[in-house]
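Let me begin by presenting the structure, written as structure tokens, before commenting on it.
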Amino acid sequence: MFGRTCLHAAAAGGNVDCVQLLQDSGADCSIKDKCGRAPLHYAAVNCQFKCVERLINSGAKINETDEWGRTALHYAAASDIDRKGQNVLSNISESEEESVKAEIRKQREAAECIEFLLQNKADPLLFDNAGYNAVHYAAAYGHRKCLEYLLERTRICRNEPIVSTAKSPLHLAAYNGHYQALELLLQSFADVDIRDEKGRTPLDLAAFKGHTECVESLINQGASVLVKDLVTERTPLHAAVINGHTSCLRLLLEMTDTTEVVDVVDSKKQTPLMLAVAYGHIDAVSLLLEKEASVDAADVYGCTALHRGIMTGHEECIQMLLDQEASLLWKDCRGRTPLHFAAARGHATLLSELLQMALSEGDCNFRDNEGYTLLHWSAYNGNENCLEVLLEQKSFRNFQGNLFSPLHCAVMNNHENCASLLIGSIDASIVNCKDRKGRTPLHAAASANHVDCLELLLSYNANVNIVDNRGKSPLMIAVEKGHLESTDILLNGQKVDLAAKDKLLNTALHWSCIAGHKDCAMLILDKIEDKYLINATNKALQTPLHIAARIGYKSVVEKLISKGASVLALDEEGHTPALACAPNKDVADCLALILASMMSFPPSSTMTSFNFVYFKKDSLNKSHLYDDSTVNCSYISETQNRNMTTEDGSNDRLSDSETF
């Protein structure tokens, strides 16, 4: 399957007698598997010194590479994966002791392999496809003895580091926590703050992974705590804090001038304290506060450590910040205080505590830059417990700030319980409150098709016929959006005014046809018997039949005609519903001419409604019935588009601007 031969297997298993027997039987020591690895690669990676010796003496190519560009020396340097240092072993059982002895033998044999390969001209500076040489692999796997042999044979020295890839052996040893290998490498590398492709130093990586011994070794060699990477501009302090490595953080702070580094910031002006709080690392927070880190420092968004703590809900960290008198009323770039964050995130107990503290400080402004209050944020996110906390305070039992009220916020996001709590705690009259665009909570519920909230509002006698600044009722909003359930509820609730028109004189029936929602149109038609409503016209003199015919809704057209819709009604361009079916103005004009020429009538006969409108137009210009001039007609799609646009040119729909 992998192209391995018996010789590969014997070399990997260290059976030198079997290797010799296979070679004596004609086995090729240079044969490769499907990954380009020869038996020598297998012997080296498994630290099988005797097999390595036998294969090389038999003519195996020592610098032969596999498909990844790795030689036997690369594999030998990376062979010792599970090292156990003797200095950390104590009180071990006899079986464990035997295991350690075997491990030590394995390390010794790995070193012997490295030494033998180097003696036979293995190239220690040969880089694989990823840019790593044998020194990189030995550093990554922490093989100190192998490193000693390799460093002796390479030109790595304080003045000439041989590095082909952005990650140096120092980075690899530090990242993997091999402090003994790191100390050996530090003797050969002049620049202890060498950077990888992301600008990270070995100290940054060691702190990020929590390798205390490596951090200490690097600091003792003069590594800088203030070097920033090229991605987020984090320092080793930020790196240590992210994963909560307090021991590393303590070393970094104690071995440097803490007044300079404790509040160092990254590209977003985040301090180590902000990150420690955000990730909930209590010990790190305690240490930083002990070192007098600033509790009210703000990042690029204006958020403090307290904002971040409340956002993530780490209560112990929050309490430590409050004990240091962190500001409760500090506003971020959007004007939000930590209390806004508590209300938005649903931390009711914390909100109650913070609210009492804030109110004790005197008159507090709990509005953000958009005028949204704590009630808005709680209702918008459906945090019923937070609403209860706020409504216990008399000062919160009214709507202040942004006119897009907390009740609007609750119903638009389908938080029925929050809406019910607001109505019950304040007053039922709030069901008809309007935002700056004249929309009520009923408009918001209809627009979002939240039927439970819709029914709740109607149960408190919300005015179903109230209109917004564009003259639109909740029913018009529902049919325009095509919300069948909301349309049905509004039609079957209070006495809805189907004759109501918006500023463009469109009725709900017009809107159902304009927006292309025939099911809503059929529901409305079931409620209409008055021919006046069937033939109601908008500003463009279009009836619902004009619009339905233009779109091609056969079932709606049939029902309109059955209820008495006029097929001869003329819009402002003189088009009947039949002509409205034309796809554009030119086709409508051609169709009109053809129909006119088909009509035979004597001079004294009465004109049809169609040619009368042309006569009327031409009379105003003192011209005859037909001349060479082009008939100045538009077509229904233009007037339809005008009906769907407000006077100021904006799209005529419920705006989502009043959201967070």
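Take the sequence shown: its position 330, counted from the start at 1, is 330 in full-length UniProt numbering, and no numbers get skipped.
Idealized CB from N, CA, C, for every residue including glycine.
Please read all numbers here as calculations on a predicted model, not as lab measurements.
Query                                                                                                                                                                     : Result
Can you list, in chain order, the residues of its chain with a C-beta nearer than 7 Å to that of Ser286? Leave out the 5 residues immediately preceding and following it. : Met320
Would you identify the three-state DSSP class for Met255, choosing helix, strand or coil?                                                                                 : coil
Can you give the Cα-Cα distance for Gly401 and Asp502, rounded to whole angstroms?                                                                                        : 28 Å
Pop quiz: His238 and Pro272 are said to be a contact at Cβ under 8 Å. What is the actual Cβ separation, rounded to whole angstroms?                                       : 6 Å
I need the DSSP call for Trp330, collapsed to helix, strand or coil.                                                                                                      : coil
Could you please give the first and the last residue of the uninterrupted alpha helix (DSSP H) stretch that includes Cys35?                                               : Counting along the chain, Cys35 falls outside any alpha helix (DSSP H), and DSSP gives it neither H nor E.
Among Ala348, Leu570, Gly335 and Arg234, whose alpha-carbon lies nearest the alpha-carbon of Ile310?                                                                      : Ala348
Which same chain residues end up closer than 8 Å to Ala478 when comparing Cβ atoms and leaving out the 5 residues on each side of it in sequence?                         : Ala446, Ser447, Asn449, Ser486, Thr487, Leu490 and Cys520
Could you give the first and the last residue of the continuous alpha helix (DSSP H) run that contains Gly142?                                                            : Gly142 -> no alpha helix (DSSP H), and no H or E assigned at all.
Could you tell me if Ala130 is buried or exposed, where buried requires 16 or more neighbouring beta carbons within 10 angstroms of its beta carbon?                      : exposed
Given a threshold of 16 other Cβ atoms within 10 Å of its Cβ, counted over all protein chains shown, does Phe2 qualify as buried or as exposed?                           : exposed
From the DSSP output, in three-state form, read off Asn381 for me.                                                                                                        : coil
With DSSP as the reference, label His178 as helix, strand or coil.                                                                                                        : coil
Could you say which of Gln393, Glu370, Gly362 and Asp435 lies nearest to Leu351 if we only look at CA atoms?                                                              : Gln393
For the alpha helix (DSSP H) holding Trp511, just list the boundary residues, first then last.                                                                            : Ala508 to Ile514
Around the Cβ of Val16, are there at least 16 other Cβ atoms within 10 angstroms (buried) or fewer (exposed)?                                                             : buried
Please state whether DSSP places Ala578 in a helix, a strand or coil.                                                                                                     : helix
Please classify Tyr635 as buried or exposed, where buried requires at least 16 neighbouring CB atoms within 10 angstroms.                                                 : In this prediction, Tyr635 scores a pLDDT of 33, lower than 50, which makes its location untrustworthy; the coordinate-derived value is nonetheless stated afterwards. Label assigned to Tyr635: buried.
Helix, strand or coil for Gln20? Go by DSSP, reduced to three states.                                                                                                     : helix
Would you decide whether Trp511 is buried or exposed? Buried here means 16 or more other CB atoms lie within 10 Å of its CB.                                              : buried
Can you tell me whether Leu498 is helix, strand or coil according to DSSP?                                                                                                : coil
Please list, in chain order, all residues of the same chain as Ala549 whose beta carbon is under 8 Å from its beta carbon, the five residues on each side excluded.       : Val557, Pro577, Ala578, Ala580 and Cys581
Consult DSSP for Asp229 and reduce its assignment to one of helix, strand or coil.                                                                                        : coil
By Cβ distance below 6 Å, which residues in the same chain neighbour Leu505 in space, the five residues on each side in sequence not counted?                             : Asn538 and Lys539
Could you tell me if Cys35 is buried or exposed, where buried requires 16 or more neighbouring beta carbons within 10 angstroms of its beta carbon?                       : exposed
Quick check: Asn469 and Gly438, are their CB atoms within less than 8 Å of each other?                                                                                    : yes
From His517 to Gly482, what does the alpha carbon distance come to, in whole angstroms?                                                                                   : 5 Å
Take Val389 and list the residues in its own chain whose beta-carbon comes closer than 8 Å to its own, dropping the five residues that flank it on each side.             : Ala348, Leu351, Ser352 and Leu355
Which residues bound the alpha helix (DSSP H) around Cys409?                                                                                                              : Pro406 to Met412
Where does His546 fall in DSSP's three states?                                                                                                                            : helix
Given a cut-off of 8 Å on the beta-carbon distance, is the pair Phe396 and Leu375 in contact?                                                                             : yes
In whole angstroms, what is the alpha-carbon distance linking Asn535 and Leu458?                                                                                          : 30 Å
Nearest CA to the CA of Leu560: which residue from Ile282, Val227 and Leu509?                                                                                             : Leu509
Which residues bound the alpha helix (DSSP H) around Lys531?                                                                                                              : Lys531 to Ile534
Determine the direct distance from the alpha carbon of Ala515 to that of Asp526, and round the result to whole angstroms.                                                 : 19 Å
For Ala500 and Ser473, what's the separation of their Cα atoms in angstroms?                                                                                              : 8 Å
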